[in-house]
Amino acid sequence: RELHFKDNFWNVDITSTAGYDSIIQHLNDGKRTCKEIEDFMKARAAIEEKYAKELLGLSKKVCGHCEMNTLKRSLDVFKLQTENVSLSHLHLAQTMREEAKKLEDFREKQKETRKKVEQQMDALHKQKVAQYKKTAEAKKTYEQKCRDKEEAEQNMNRNATTSSSKQQEKLYAKTQQAKQAAEESDRIYSHNVSTLAKIREEWLNEHVKACEFFEKQELERINSLRNVVWIHLNHLSQQCVTSDELYEEVRKSLEQCNIQEDIEHFINLRRTGDKPPAPIAYENFYNNQRTAPARPATTAISQFILYKYCVCRPLDDPLYSSRHSVSEDNNHFSAESLIKKQKLW
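Under the working numbering, residue 345 is the last one in the sequence shown; the count climbs by one each step, no gaps.
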């Protein structure tokens, strides 16, 4: 047998609202839970948005700018898919905010509809308590008037034989007055009891309706919260799937990355030559002097002296024969001999 609010929140004290208050407290706690989950989703959306923006900024940074060929293409896909992942997180953040807004609207709607029922029940509780107090006062007055009537009758009976006729008339009048007062208080008391009974009956019916309404609201709240969290997790799972699909595109691009092709591409683009430098041999300083080659050809000064000597001297110059002194071995004029002869001349 299922349990329901309307069967389990009563109290034997007609003025007590303990059962009703317990239900209201539970509903307030449920409203607080809705607000907490709503705030949680808003905070999570803010985290997703911040992450997405930072990831988007990261995807714009230089990454592999100096690379070439297949690896460069893979790195470009890597940056592109990172940007797409950031955009998917931005979309997720917006979706979370929309879900939080729906939960907020649901919470406010329940609050407004519940407010009407609470106001009606609060009015009935006040009316019930006020009528109960009024009935209790009427009962107290009624009982006192009944005791006054009995006392007046007893007093009249005790003095029936000993008092004068005038005194008996006074006692009789007093008794009649007490009797009328008792009857009036009885009428008022009966009327208050009847009124209280009507108010109680109305309150019982409204309490049952309120319990049914509150139970329905609680069912809707629990179901809504369950669905909200479920959908929230579905969005998170879908985000993981989306991210994995985007990352899979990067993996596919990396599979197309050909290491040997990239190496050959670099070689063909930046090659400098296929011949290495010759080895550097050891050269002994002293050996170089012994095997030094013959004196070099005459310098410009030596040539000038030779020209001056050969052209400007007379033919009968005793040193003229030296003008034609040629080194057959070296095939050039001896500059040193000419300089010496020039000095002599």
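Built from N, CA and C at the ideal position, the CB exists for glycine as well.
State the DSSP-derived secondary structure class of residue i, mapped to helix, strand or coil.
i	result
His4	coil
Lys60	coil
Phe285	helix
Gln256	coil
Asn28	helix
Trp10	coil
Arg251	helix
Cys34	helix
Ser194	helix
Thr162	coil
On the CB-based measure, 16 or more other CB atoms within 10 Å of its CB, does residue i come out buried or exposed?
i	result
Leu204	exposed
Val228	buried
Ser253	buried
Thr272	exposed
Tyr286	exposed
Val232	The identity of residue 232 in the sequence shown is His, whereas the question assumes Val. His232 is buried by the Cβ-count criterion.
Asn330	Its pLDDT being 43, under 50, Asn330 is placed unreliably in this model, and the value from its coordinates should be taken loosely. Flag for Asn330 reads exposed.
Ile263	exposed
Tyr142	buried
Ala182	buried
Lys50	exposed
Leu171	buried
How about residue i and residue j: are their beta carbons less than 9 Å apart?
i	j	result
Lys116	Asn192	no
Ala152	Lys174	yes
Glu249	Gln81	yes
Leu196	Lys134	yes
His235	Tyr20	no
Glu212	Phe5	yes
Tyr132	Thr15	yes
From this set, the options, which residue's C-alpha is nearest residue i's C-alpha?
i	options	result
Glu2	Leu236, Gln119 and Glu215	Glu215
Ser59	Asn69, Glu202, Asp76 and Cys240	Asp76
Thr242	Phe5, Leu219 and Val85	Val85
Ala52	Glu83, Lys35 and Val62	Glu83
Ala130	Asp262, Lys166, Arg200 and Val62	Arg200
Ile37	Lys102, Ser16 and Tyr142	Lys102
Glu104	Thr33, His89 and Ser165	Thr33
Lys31	Phe106, Glu261 and Ile267	Phe106
Residue i CB to nearest chain B CB: under 9 Å?
i	result
Cys63	Annotation note: the requested chain B is absent from the structure, which comprises a single protein chain.
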